[in-house]
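Protein chains in written order, with our numbering: chain A, 1 to 389; chain B, 1001 to 1154; chain C, 2001 to 2400.
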Amino acid sequence: MALNTEKFISQVNDLSAQGNLHTEEILVNMGPQHPSTHGVLRLVIQTDGELVAQAFPQVGFLHRCFEKIAESVTYRQVVPYTDRLDYIASMNNALAYVLGVEKLMQIEIFPRAQYIRVIVAELNRIASHLVAFGTYGLDLGAFTPFLYGFRERELILSIFEELSGARLLYHYPRIGGVAKDIDAKIAADIRAFIKTMRRTWPEYNALLTENQIFIKRSANIGVISAENAISYGLTGPCLRASGVAFDIRKAQPYSSYEKFDFNIPTGQGTKGQVCDCWDRYWVRMCEIQESLKIIEQALDSLPEGEIRAKLPAVLKLPAGNVYLPCENPRGELGFFIISDFQPKALRIKMRAPSFCNLSIVNKICRGVLVADVVAIVGSLDIVLGEIDR
Amino acid sequence: MEFTQLWDKLNKRFPERLTLATESGDKQIQVKVDDLIAVVDYIKNDSALAFNFLRLISAVDTGKEFSCVYHFYSYQHAHGLILTVSLNRANPTLPSLSSRYATADWLERECYDMMGFNFLEHPELRRILLPHDWDGYPLRKDYQQPAEYHGTKH
Amino acid sequence: MNDFIQSLFGPNGVNVWIAPSSTWLLATILFTGAGIVVFVWVALMSVIGTYAERRVAGYMQGRLGPNRVGWFGVLQPIADGIKLLGKEDLIPAGAAKWLFRLAPILVFCGVLIPYAALPFSPRLVVSDMAVAIYYILAFEALEVVGVLMAGWAPNSKWSLYGGMRLAAQMLSYEIPMGLALVVIVLFAGSLNFQQIVAWQQTPMMGIEDPNILGWGIFRSPACFVAFFIFFIGGLASAKRAPFDLPEAESELVAGYHTEYSGMRFAFFFMAEYGAMYLVSALTAILFLGGWYGPLPLPEGISPASLVELWNTNTAGQESFWSACQAFISAPVVLTTAGAELIGFINLAGKALILFFTMIWIRWTLPRIRIDQVMHLCLKVLLPLSMIAALGAAIQIVIMN
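This is the structure in structure tokens:
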């Protein structure tokens, strides 16, 4: 049901040029208080009736001066702040930061700590994708998938609570290792979760993925070509859905990801063109399965040993700079750390995947309907905490 | 391509124009502001380099000098490159890459917002994270925090 | 005058309880009384509807739903109502004030007025008019006027979008819905609900008492198609998911009722559940046998009015008390009253099952887009309903 927008706009323009039709474009403020902008995103939409001519994203409402604060606290004190950037995937954020610091310090992390990091990062990836699944359904008007997603996410949060004492902002990966070991009970919980998740995953597809209305709403909408995706710096599921099989866990493995066997799901254009909203959604759903595989392998081969390296009380990193990209649920996350052999960093610059992913919105939101803007922004799966920092 | 090969290739193409940063950590290649566009065009379009992905633009203030750091990556060849540009502290001006990499648009706006770099030929160089009427560039080392903003004291 | 009033009520209207001695004063009192009863029924439907909606949604989503106020949370809708009463009544600056105030009333009236022709049981109907279907369709459109007003008046862009969407949506669903009704009207040969329901009890394909098989939906393939078209159109007219675009919360914040608060909002809310029951009951009457079946109606129902029944059954009784006793124990009164009750249970039961189906759909399906609504209604349902109407006509010609 392709909408011939070009033709329609030209017809409307012809009519108004003849003076037969008085039309006026409306400027609509979608957000910062709006149910489906995933936080405090403001989209200024220029519309002709329901047709969107332009959509300008305005960000910064959640700016908390992360980079400025990071210059004024010690390296260890930065970790809790990183939790609060992408609050849906705190583990992955903190992991990216501590890996960067460790790389500059050139310290070896115990294998057990590396494996535990992989486990929690993948669990958090699943939790994040479950939120993406639920909120995407919500954006398209299906309420129930949201609670389905949150039901399984709850299990992950309980595991994290056991591990770190917190349910959202964990402060679990530490410089040199992790905060707490995975004991037998937590391992059993994780295995039980894997079982549950494998059972309920087909339910999600029956409820939302294969729903005809859902497919009609998301297929062929917001198509991003691989060329555009690369040029706009899209990463993560958005890039992979465009058909670029690039995953940092494979390309530049960190934290012993090279030891695990998993696939990179890419957009195949199953329901429409490659890298429409449905493809981006489906890549996330497939990544849940791949993450389950990784967690299972990591649990099976979890090495014995210590979980935290002994480090001096005051960390002074050698002068230099480091950028270590990590695969966040939303894309490539990395911290560019510049040190001048002081207890505090000279500069910490963060590459926020959502920030780059969002920048393409105006490009793909031209000539779509207002309802599609919601579908497109939802399919990019942005977190404003990370965009605004 | 390994970094040494990269360096050789670039050095051959731009003799005497590039310098290798010697600090520990990631290896950086220092480019003069005037050469930036030529170097970027070369590394983007040369088929053996093909740096089609601009990861990150970071504005850095070391307290003494300004520099702008570009992280590039190539999906075809799976190699990365870091270019740095030293800038004049009084007038940090450099060319924009937004016509070459669409992602540079927002990344450069952020550099402008936080550090006050002036990117020439940028389509709309205005603040992105901070309010449009904010005073100063917060990530500069000599930045003085304003006592109040629209009646709000900190 | 009396004839006119009689024609307003129709042969089975409210006056059946008092007739034939209706005067204009009595008629006014009766209409007012009936109006209050209908209003209470709509309010009751919104109370039951919100409670059921939230409990069913809770059950479907693996959570509890309201269970704190009263026994199993049954008083929750009342608590909500009290909360809404206590809310500040806001009128946005720059709003067209009178339109803003009028809109919720019009919307509610657009739902309430059709109830005048909607039977609740064989004879429990305010006005058994000859053109009932026509009347209901005509006055249902009043709700749309109200919504358009609500979209325009608050001077809010989201509301405007909601109003615009509803206008486009109404143009789309009204036509196939009307054509689906044509199928039934052609077969039944009447616009009157009594006759349409009676038609569903007539012998069919040699079966003398077809019971459930005689329901409109099973009468002909055309009717079967028409049932689904009508129900889909009904979903759209009640603005229920997947056709809740005028109030799409994830796109338009709350659509046309974005700027309404307190009781004005409550009127929109009640109108929605009122419209849901209206559509469900209409579907049940037109396609699902009305008040006949599954429970069988007793034999020997008197067609006489209440006054006539009273007069014939209490003849010779001295005191009022004994007259009452005689009236209540008269078999003809019992069967007639029983028939009304069973008919009411049958009809309301079927309507509530459809009501539940609407809730079920609401919590299962995503929302479709406005161009898809128009595509579905105008390019799929409209030809289908035309074919169904044509098929029905051909079938009638061939069978006669």
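The beta carbon of each residue, even a glycine, is placed where N, CA and C say it ideally should be.
Item                                                                                                                                                                                               : Value
Only counting the same chain, and skipping five residues up and downstream in sequence, which positions put a Cβ closer than 7 Å to that of C/Met2270?                                             : Val2042, Ala2043, Ser2046 and Phe2108
Quick one, which residues of the segment 210 to 234 of chain A are near chain B if we go by CB-CB under 7 Å, in chain order?                                                                       : Ile230, Ser231, Tyr232 and Gly233
Return yes when the Cβ of C/Val2185 is within less than 8 Å of the Cβ of C/Leu2179, no when it is not.                                                                                             : no
I need the straight-line Cα distance from C/Val2333 to C/Val2131, nearest angstrom please.                                                                                                         : 30 Å
Quick check on DSSP: helix, strand or coil for A/Ser225?                                                                                                                                           : coil
Who does A/Val28 pair with in a DSSP beta bridge?                                                                                                                                                  : A/Ile45
CA-CA distance, C/Val2056 and A/Ile215?                                                                                                                                                            : 25 Å
Counting only the same chain and skipping the five closest in sequence on each side, list residues whose C-beta sits under 6 Å from that of A/Phe133.                                              : Gly149
Based on the DSSP output, what are the partners of C/Met2204 in its beta bridges?                                                                                                                  : C/Ile2207
Suppose you measure from the CA of A/Tyr75 to the CA of A/Lys344; what does that come to, to the nearest Å?                                                                                        : 6 Å
Give me the chain C residues within the contact set of A/Ala132, using Cβ-Cβ distance strictly less than 9 Å, ordered along the chain.                                                             : Within 9 Å Cβ-Cβ: nothing; A/Ala132 doesn't reach chain C, min ~15 Å.
Would you tell me roughly how many angstroms separate the C-alpha atoms of A/Leu95 and A/Asn228, rounded to the nearest one?                                                                       : 29 Å
Under 8 Å between beta-carbons, which chain C residues line up against A/Leu147? List them in chain order, please.                                                                                 : Gln2061, Gly2062 and Arg2063
Considering just the uninterrupted stretch of the alpha helix (DSSP H) at A/Asn93, what are its terminal residues?                                                                                 : Ser90 to Met105
Against chain A, which members of the segment 1099 to 1129 of chain B pass a CB distance test of less than 9 Å?                                                                                    : Arg1100, Tyr1101, Ala1102, Thr1103, Ala1104, Asp1105, Trp1106, Leu1107, Glu1110, Asp1113, Met1114, Arg1127, Ile1128 and Leu1129
Going by C-alpha distance, which of B/Pro1095, B/Ala1059 and B/Lys1044 is nearest B/Tyr1073?                                                                                                       : B/Lys1044
In chain A, which residues lie less than 8 Å from C/Ala2241 when you measure between Cβ atoms?                                                                                                     : Gly141
Check whether the Cβ atoms of A/Gln289 and A/Trp201 sit closer than 8 Å, and answer yes or no.                                                                                                     : yes
Could you tell me if C/Trp2215 is buried or exposed, where buried requires 16 or more neighbouring beta carbons within 10 angstroms of its beta carbon?                                            : buried
Roughly how many angstroms separate the alpha carbons of A/Lys7 and C/Ile2212, rounded to a whole number?                                                                                          : 51 Å
Hey, how far is the Cα of B/Asp1061 from the Cα of B/Arg1089?                                                                                                                                      : 9 Å
Please list the partners that C/Ala2167 has in chain A, where partner means a Cβ-to-Cβ separation under 9 Å.                                                                                       : Residues of chain A passing the Cβ test: none, with the nearest at roughly 11 Å.
Short of 9 Å Cβ to Cβ, which residues in the segment 81 to 113 of chain A face chain B?                                                                                                            : Lys103, Leu104 and Gln106
Identify every run of the beta strand (DSSP E) within the segment 1042 to 1073 of chain B, keeping only runs that are complete inside it and at least 3 residues long; order them along the chain. : 1053 to 1061
Label A/Ala2 either buried or exposed according to how many other C-beta atoms from any shown protein chain fall within 10 Å of its C-beta, with 16 as the threshold for buried.                   : Residue placement at A/Ala2 is poorly supported in this model, since its pLDDT is 48, which falls under 50; the coordinates still yield a value, given next. Its Cβ having fewer than 16 others within 10 Å, A/Ala2 is exposed.
Considering only the alpha carbon of each residue, which of A/Ala309, A/Arg42 and A/Asp48 lies closest to A/Gln11?                                                                                 : A/Asp48
Of the residues C/Trp2363, C/Ile2229 and C/Gly2146, which one's Cα is nearest the Cα of C/Ser2172?                                                                                                 : C/Ile2229
With three or more beta-carbon pairs closer than 8 Å as the criterion, would you say the segment 229 to 238 of chain A touches the segment 345 to 362 of chain A?                                  : yes
Counting only the same chain and skipping the five closest in sequence on each side, list residues whose C-beta sits under 6 Å from that of A/Val274.                                              : Gly243 and Gly267
Within the 8 Å Cβ cut-off, does B/Arg1140 reach chain A?                                                                                                                                           : no
Tell whether a beta-carbon distance below 8 Å holds between C/Ala2103 and C/Ala2222.                                                                                                               : no
Give every residue of the same chain whose Cβ lies closer than 6 Å to the Cβ of A/Asp340, excluding the five residues on either side of it in the sequence, and list them in chain order.          : Ala319 and Leu346
Can you tell me which of the three DSSP states B/Ser1086 falls into?                                                                                                                               : strand
8 Å is my cut-off, CB to CB: does C/Arg2369 come that close to chain A?                                                                                                                            : yes
For A/Ile230, which of B/Tyr1112, B/Asn1118, B/Arg1100 and B/Met1114 has the nearest alpha-carbon?                                                                                                 : B/Arg1100
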